[in-house]
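Novice:
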Amino acid sequence: MIQSLLSYVVWSPNPAVFSGFERLRWYSLLFALGFIISQQIMIYIFKKEGHDERLVDKLTIYMVLATILGARLGHVFFYEPDRYLSNPLDILKVWEGGLASHGAAIAILIALWLYVRKTPNQSYLWLVDRIVIVVAMTGAMIRFGNLMNSEIGGKPTDSDSGFVFARESEEILETLRLPIMDIRANKPSERSDELQGNGIVPVNFDIKIEKGAFEEADLREAIERDVKYALTRFRSSQKYLAEDENTPLNYDLQDRGDHYLAVIKTFGVARYPTQIYESLSYFLIFLLLFLGWIKYKHRIPEGLYLGIFLVTVFGMRFVWEFLKENQVEFEENLTFNMGQALSIPLVIGGFLLILYAMKNGSPAPKNIGEE
Numbered sequence: 000m001i002q003s004l005l006s007y008v009v010w011s012p013n014p015a016v017f018s019g020f021e022r023l024r025w026y027s028l029l030f031a032l033g034f035i036i037s038q039q040i041m042i043y044i045f046k047k048e049g050h051d052e053r054l055v056d057k058l059t060i061y062m063v064l065a066t067i068l069g070a071r072l073g074h075v076f077f078y079e080p081d082r083y084l085s086n087p088l089d090i091l092k093v094w095e096g097g098l099a100s101h102g103a104a105i106a107i108l109i110a111l112w113l114y115v116r117k118t119p120n121q122s123y124l125w126l127v128d129r130i131v132i133v134v135a136m137t138g139a140m141i142r143f144g145n146l147m148n149s150e151i152g153g154k155p156t157d158s159d160s161g162f163v164f165a166r167e168s169e170e171i172l173e174t175l176r177l178p179i180m181d182i183r184a185n186k187p188s189e190r191s192d193e194l195q196g197n198g199i200v201p202v203n204f205d206i207k208i209e210k211g212a213f214e215e216a217d218l219r220e221a222i223e224r225d226v227k228y229a230l231t232r233f234r235s236s237q238k239y240l241a242e243d244e245n246t247p248l249n250y251d252l253q254d255r256g257d258h259y260l261a262v263i264k265t266f267g268v269a270r271y272p273t274q275i276y277e278s279l280s281y282f283l284i285f286l287l288l289f290l291g292w293i294k295y296k297h298r299i300p301e302g303l304y305l306g307i308f309l310v311t312v313f314g315m316r317f318v319w320e321f322l323k324e325n326q327v328e329f330e331e332n333l334t335f336n337m338g339q340a341l342s343i344p345l346v347i348g349g350f351l352l353i354l355y356a357m358k359n360g361s362p363a364p365k366n367i368g369e370e
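Each residue of the sequence shown is one higher than the one before, counting from 0 in numbering that gives the first Met the number 0.
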């Protein structure tokens with residue numbers, strides 16, 4: 000029984016950092032923190048290698064602009080060109096989502112080339128080798144932000160382990176014409192005997208409803224009609240839940256004195272939490288690169304770190320894409336989805352860079368004042 004209770008997680012965090020202050024979201028906060036921490040690490044690197052640390056402010060501007068513009072344009076051209084090219088103004092609606100890490104990677108490499116052209120005493124490969132250290136860390140934080148947004152999740156596990164992403168269904172229920180005070184999706188321990196081992200797992204929605212607006216009979220009718228519709232007819236509910244639209248809604252309605260509590264007993268689809276897999280992978284890559292730089296910074300052949308970054312980050316991206324749900328419909332007919340197809344040339348380029356660096360590369364010379 001203990002094993003069955005620990006087998007899956009019902010995941011429905013509020014994407015807003017503070018309740019009632021919806022503008023500050025976890026994704027935005029983690030995205031910004033990634034750049035703030037990266038800036039401090041780059042200051043440390045510049046200082047240790049004898050470069051003017053004041054240049055990091057200028058470098059940060061290039062990085063932020065390249066990441067946002069590249070990621071947005073990457074999504075536009077790689078994933079949904081027809082939609083955005085027919086409605087170009089929608090490209091500016093970054094807040095609606097749609098960022099591609101491959102586009103960001105390409106834009107960063109271009110932006111760093113532009114930066115180096117105007118910055119003496121820094122070679123392109125030397126700089127990129129240092130930048131990829133913090134890019135891996137920022138990527139880890141962004142993927143964790145995706146988890147907090149309940150987005151870019153994985154395919155069904157077809158087992159009773161995984162994450163049931165319930166946030167979107169909660170948001171749909173909040174739009175019902177009911178005096179709802181609160182909604183909480185949860186994993187019901189009393190329904191553990193309903194686990195079948197097929198990835199369709201019990202999920203409860205506890206809906207707190209204000210008393211007085213409905214007679215109990217009318218409230219039951221509204222729940223059976225509107226809640227059933229919300230859990231079966233919306234695309235996101237069909238994606239994350241497994242409520243049978245042909246059977247009556249299973250629920251309990253409890254009178255709690257000043258309010259009603261409707262306990263909706265339904266089922267969810269256990270999915271791979273690929274956001275966690277990617278985030279941990281990128282953070283581990285960051286640690287290995289940073290610790291390697293601390294120990295071997297004077298002996299790192301130029302281009303080696305960029306090569307390692309491309310092979311490891313996009314190699315892991317290629318692997319995790321097998322477990323991720325496709326982002327757009329046309330990917331369903333591809334042998335490899337768009338994320339994998341874009342990763343392949345970057346991984347190949349990374350291997351070539353590693354071979355070049357090991358054969359021909361030489362460590363950057365020390366600067367005056369370098370520690």
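In this text, a Cβ means the ideal position worked out from N, Cα and C, and glycines have one as well.
The structure displayed is predicted, hence computed values, not measured ones.
#1: Would PHE164 pass as a contact of ILE182 if the rule is Cβ separation under 8 Å?
#2: Hey, quick one: how far does the beta strand (DSSP E) through PRO201 stretch, first residue to last?
#3: Drop a sphere of 10 angstroms on the beta-carbon of LEU84, count the other beta-carbons inside from all chains shown, and report buried for 16 or more, exposed for fewer.
#4: Determine the direct distance from the alpha carbon of ASN145 to that of ASN325, and round the result to whole angstroms.
#5: ASP128 by DSSP, collapsed to three states: which one?
#6: Buried or exposed: which applies to TYR295, given that a residue is buried once 16 or more other Cβ atoms fall within 10 Å of its Cβ?
#7: Within the continuous alpha helix (DSSP H) that includes ILE171, where are the two ends?
#8: Please state whether DSSP places GLN2 in a helix, a strand or coil.
#9: Give the secondary structure of PRO12 by DSSP, where H, G and I count as helix, E and B as strand, and everything else as coil.
#10: In whole angstroms, what is the alpha-carbon distance linking ASP157 and GLY198?
#11: In the DSSP assignment, find the unbroken alpha helix (DSSP H) run with GLY33 in it and report its ends.
#12: Are there 16 or more other CB atoms within 10 angstroms of the CB of SER100, so buried, or fewer, so exposed?
#13: Among residues of its own chain, excluding the 5 on either side of ARG404, which ones have a beta-carbon nearer than 6 Å to its beta-carbon?
#14: Per DSSP, what are the beta-bridge partners of ASN185 in this structure?
#15: Excluding sequence positions up to five away, which residues of its chain have a Cβ less than 6 Å from the Cβ of GLY73?
#16: Cutting at 7 Å between CB atoms, please list the residues of its own chain near TYR271, excluding the five before and the five after it.
#17: Mind reading off the beta-carbon distance from ASP225 to LEU175? Whole number of angstroms is fine, and I expect it under 8 Å.
#18: Among ASN13, LEU333, GLY267 and ILE307, whose alpha-carbon lies nearest the alpha-carbon of TRP292?
#19: For the beta strand (DSSP E) that ILE263 lies in, which residues bound it at each end?
#20: Would the region 110–121 count as touching the region 47–65 if we require 3 or more Cβ pairs under 8 Å?
#21: How would you call LYS227, buried or exposed, if buried means at least 16 neighbouring beta carbons within 10 angstroms?
#22: Since LEU29 and MET140 should fall inside the 8 Å C-beta cutoff, what is the C-beta to C-beta distance between them, to a whole number of angstroms?
Specialist: So, from the data block:
#1: With a cutoff of 8 Å on beta-carbon distance, PHE164 and ILE182 are scored as not near each other.
#2: Element bounds for PRO201: 199–209.
#3: By the 10 Å Cβ count, LEU84 comes out exposed.
#4: When rounded, the distance between both Cα atoms is 15 Å.
#5: Helix.
#6: With fewer than 16 other Cβ atoms inside 10 Å of its own Cβ, TYR295 counts as exposed.
#7: Looking at the DSSP string, the run of the alpha helix (DSSP H) that includes ILE171 is 166–173.
#8: Bear in mind that the predicted position of GLN2 carries a pLDDT of just 43, short of 50, making it too unreliable to give a figure here.
#9: Coil, per DSSP.
#10: One C-alpha to the other measures close to 4 Å.
#11: That run of the alpha helix (DSSP H) goes 25–47.
#12: Buried, since its Cβ has 16 or more Cβ neighbours within 10 Å.
#13: Because the chain here runs from 0 to 370, residue 404 falls outside it and cannot be looked at.
#14: In DSSP, ASN185 forms a bridge with ASN203.
#15: The residues are ALA99, HIS101 and GLY102.
#16: If we look at TYR271 and ignore the five residues flanking it on each side, its Cβ neighbours are GLY153, LYS154, THR156, GLY161 and LEU322.
#17: About 5 Å; that satisfies the 8 Å criterion.
#18: When only C-alpha atoms are compared, the closest one is ILE307.
#19: First-last of the beta strand (DSSP E) with ILE263: 258–268.
#20: Yes, they touch.
#21: Classified as buried, LYS227 has 16 or more neighbouring CB atoms from the shown chains inside 10 Å of its CB.
#22: About 4 Å; that satisfies the 8 Å criterion.
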